[in-house]
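Since the structure comes first, as C-alpha coordinates, the remarks are kept for the end.
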Amino acid sequence: MASKHLTQASIFLAPATSLFMAGYSFAASQNTLPHLFALRPQTSIPIFTRVFHDGGKIAIPASLISGLMSLYVALWCTSSRQRVLFTLAGLCAWATAPWTGFVMWPGIKRLMEMEGDERAMEKSEQTLEHVQLLRAWVRGNWVRTGAYAVSGGLGLWAAVWG
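Numbering-wise, the sequence shown is residues 352 to 513 according to my numbering.
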(Lines of atoms letter the chains of each structure in order from A and count residues from 1; the text may use other names and numbers.)
(Lines give C-alpha, C1' and ligand atoms only; values in the text may rest on other atoms or scores of the structure.)
Protein backbone atom coordinates (compact mmCIF):
# COMPACT_ATOMS: atom_id res chain seq x y z
CA MET A 1 0.00 0.00 0.00
CA ALA A 2 1.29 3.43 -0.92
CA SER A 3 1.91 6.05 1.71
CA LYS A 4 -1.03 8.45 1.76
CA HIS A 5 1.28 11.40 2.38
CA LEU A 6 3.65 10.47 -0.44
CA THR A 7 0.75 10.08 -2.85
CA GLN A 8 -0.77 13.43 -1.82
CA ALA A 9 2.60 15.15 -2.15
CA SER A 10 3.13 13.59 -5.58
CA ILE A 11 -0.32 14.69 -6.75
CA PHE A 12 0.75 18.28 -6.03
CA LEU A 13 4.45 18.13 -6.94
CA ALA A 14 4.25 16.24 -10.25
CA PRO A 15 2.28 18.92 -12.14
CA ALA A 16 4.04 21.72 -10.25
CA THR A 17 7.44 20.40 -11.34
CA SER A 18 6.33 20.11 -14.97
CA LEU A 19 4.84 23.60 -14.94
CA PHE A 20 8.06 24.94 -13.39
CA MET A 21 10.01 23.29 -16.22
CA ALA A 22 7.64 24.75 -18.81
CA GLY A 23 8.44 28.21 -17.45
CA TYR A 24 12.15 27.46 -17.18
CA SER A 25 12.27 26.24 -20.79
CA PHE A 26 10.12 29.13 -21.97
CA ALA A 27 12.57 31.59 -20.44
CA ALA A 28 15.51 30.04 -22.29
CA SER A 29 13.71 30.17 -25.64
CA GLN A 30 12.13 33.58 -25.13
CA ASN A 31 14.58 35.56 -23.00
CA THR A 32 18.05 34.07 -23.35
CA LEU A 33 19.00 32.32 -26.57
CA PRO A 34 17.55 34.84 -29.06
CA HIS A 35 20.01 37.43 -27.73
CA LEU A 36 22.87 35.22 -28.89
CA PHE A 37 21.85 35.34 -32.56
CA ALA A 38 23.48 38.75 -33.12
CA LEU A 39 26.73 37.88 -31.36
CA ARG A 40 29.90 36.51 -32.89
CA PRO A 41 30.31 32.73 -32.57
CA GLN A 42 33.34 33.26 -30.32
CA THR A 43 30.93 34.81 -27.82
CA SER A 44 27.61 33.08 -28.47
CA ILE A 45 28.80 29.47 -28.62
CA PRO A 46 30.51 29.44 -25.18
CA ILE A 47 27.44 31.12 -23.66
CA PHE A 48 25.16 28.55 -25.29
CA THR A 49 27.31 25.68 -24.04
CA ARG A 50 27.17 27.04 -20.51
CA VAL A 51 23.39 27.61 -20.67
CA PHE A 52 22.88 24.10 -22.05
CA HIS A 53 25.01 22.37 -19.40
CA ASP A 54 23.63 24.43 -16.52
CA GLY A 55 20.08 23.92 -17.77
CA GLY A 56 20.59 20.17 -17.86
CA LYS A 57 21.44 20.21 -14.16
CA ILE A 58 17.86 21.33 -13.54
CA ALA A 59 15.98 19.81 -16.48
CA ILE A 60 17.17 16.21 -16.23
CA PRO A 61 16.34 15.64 -12.56
CA ALA A 62 13.12 17.67 -12.78
CA SER A 63 11.91 15.65 -15.78
CA LEU A 64 12.75 12.37 -14.08
CA ILE A 65 11.10 13.40 -10.81
CA SER A 66 7.96 14.77 -12.46
CA GLY A 67 7.57 11.66 -14.59
CA LEU A 68 8.17 9.31 -11.67
CA MET A 69 5.74 11.15 -9.41
CA SER A 70 3.06 11.21 -12.11
CA LEU A 71 3.43 7.50 -12.78
CA TYR A 72 3.53 6.75 -9.04
CA VAL A 73 0.21 8.55 -8.59
CA ALA A 74 -1.23 6.77 -11.64
CA LEU A 75 -0.30 3.45 -10.06
CA TRP A 76 -2.33 4.17 -6.92
CA CYS A 77 -5.31 6.04 -8.41
CA THR A 78 -8.69 4.42 -8.01
CA SER A 79 -10.18 6.44 -10.87
CA SER A 80 -9.34 5.10 -14.31
CA ARG A 81 -9.63 8.63 -15.73
CA GLN A 82 -7.05 9.93 -13.26
CA ARG A 83 -4.83 6.95 -14.00
CA VAL A 84 -4.85 7.76 -17.71
CA LEU A 85 -4.26 11.49 -17.15
CA PHE A 86 -1.37 10.97 -14.72
CA THR A 87 0.17 8.33 -16.99
CA LEU A 88 0.03 10.70 -19.95
CA ALA A 89 1.45 13.49 -17.78
CA GLY A 90 4.39 11.30 -16.79
CA LEU A 91 5.05 10.24 -20.36
CA CYS A 92 4.97 13.86 -21.57
CA ALA A 93 7.52 14.84 -18.92
CA TRP A 94 9.77 11.98 -19.98
CA ALA A 95 9.31 12.66 -23.70
CA THR A 96 11.67 15.61 -23.41
CA ALA A 97 14.68 13.30 -22.97
CA PRO A 98 14.39 11.37 -26.26
CA TRP A 99 13.40 14.59 -28.05
CA THR A 100 16.61 16.22 -26.82
CA GLY A 101 18.72 13.14 -27.51
CA PHE A 102 17.48 12.26 -30.96
CA VAL A 103 16.21 15.50 -32.48
CA MET A 104 18.19 18.28 -30.81
CA TRP A 105 21.49 16.54 -30.05
CA PRO A 106 23.10 16.74 -33.53
CA GLY A 107 22.90 20.55 -33.48
CA ILE A 108 23.98 20.74 -29.84
CA LYS A 109 26.95 18.49 -30.58
CA ARG A 110 27.96 20.61 -33.57
CA LEU A 111 27.89 23.79 -31.48
CA MET A 112 30.04 22.13 -28.82
CA GLU A 113 32.51 20.93 -31.46
CA MET A 114 32.75 24.45 -32.86
CA GLU A 115 33.52 25.91 -29.45
CA GLY A 116 36.99 24.41 -29.32
CA ASP A 117 37.83 25.08 -32.98
CA GLU A 118 38.79 28.66 -33.83
CA ARG A 119 38.78 27.91 -37.56
CA ALA A 120 35.23 26.53 -37.38
CA MET A 121 34.06 29.61 -35.48
CA GLU A 122 35.67 31.92 -38.04
CA LYS A 123 33.95 30.01 -40.83
CA SER A 124 30.66 30.14 -38.94
CA GLU A 125 31.00 33.89 -38.66
CA GLN A 126 30.84 34.00 -42.47
CA THR A 127 28.21 31.28 -43.02
CA LEU A 128 26.17 31.99 -39.87
CA GLU A 129 26.01 28.26 -39.16
CA HIS A 130 26.02 28.96 -35.43
CA VAL A 131 22.95 31.20 -35.79
CA GLN A 132 21.10 28.49 -37.71
CA LEU A 133 22.02 25.94 -35.03
CA LEU A 134 20.97 28.27 -32.21
CA ARG A 135 17.65 28.96 -33.94
CA ALA A 136 17.11 25.21 -34.37
CA TRP A 137 17.81 24.72 -30.65
CA VAL A 138 15.24 27.38 -29.77
CA ARG A 139 12.63 25.71 -32.00
CA GLY A 140 13.39 22.34 -30.42
CA ASN A 141 13.19 23.85 -26.97
CA TRP A 142 9.71 25.21 -27.76
CA VAL A 143 8.65 21.60 -28.28
CA ARG A 144 10.08 20.68 -24.87
CA THR A 145 8.31 23.67 -23.34
CA GLY A 146 5.05 22.39 -24.81
CA ALA A 147 5.64 18.86 -23.52
CA TYR A 148 6.24 20.19 -20.00
CA ALA A 149 3.16 22.41 -20.20
CA VAL A 150 0.99 19.51 -21.38
CA SER A 151 2.43 17.30 -18.63
CA GLY A 152 1.68 19.91 -15.98
CA GLY A 153 -1.76 20.64 -17.40
CA LEU A 154 -2.75 16.97 -17.51
CA GLY A 155 -1.49 16.41 -13.97
CA LEU A 156 -3.29 19.48 -12.70
CA TRP A 157 -6.49 18.47 -14.50
CA ALA A 158 -6.27 14.98 -13.02
CA ALA A 159 -5.61 16.30 -9.52
CA VAL A 160 -8.37 18.92 -9.49
CA TRP A 161 -11.10 17.54 -11.74
CA GLY A 162 -9.90 13.92 -12.08
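Backbone N, C-alpha and C define an ideal beta-carbon position, used for all residues, glycine too. Nothing here was measured: the structure is a model prediction, and the numbers come from that model.
- For glycine 406, same chain residues with a beta-carbon under 7 angstroms away, outside a window of 5 residues either side, are Ala379 in chain order.
- Tryptophan 512 carries a coil assignment under DSSP once its states are collapsed to helix, strand and coil.
- Relative to alanine 487, the option among Lys460, Leu422, Ser421 and Leu505 whose CA is nearest is Lys460.
- Selection Ile411, Glu480, Thr383 and Trp427 evaluated against methionine 463 yields Glu480 as nearest (Cα-Cα).
- Per DSSP, serine 431 is one residue of the alpha helix (DSSP H) stretching across 431-449.
- Using a Cβ distance threshold of 9 angstroms, glycine 452 and serine 417 do not count as a contacting pair.
- Ranked by Cα distance from alanine 509, the first of Ala373, Cys428, Lys355 and Trp450 is Cys428.
- Residue nearest to glycine 504 within the set Leu439, His356 and Arg391 is Leu439 (criterion: CA-CA distance).
- Distances from the alpha-carbon of serine 376 to those of His386, Asn492, Thr447 and Ser502 put Asn492 closest.
- With a threshold of 16 other beta carbon atoms within 10 Å, alanine 389 falls short and is exposed.
- If the five residues before and after glutamate 466 are omitted, its C-beta is found closer than 8 angstroms to the C-beta atoms of Ile396, Pro397, Thr400 and Met472, all from its own chain and listed in chain order.
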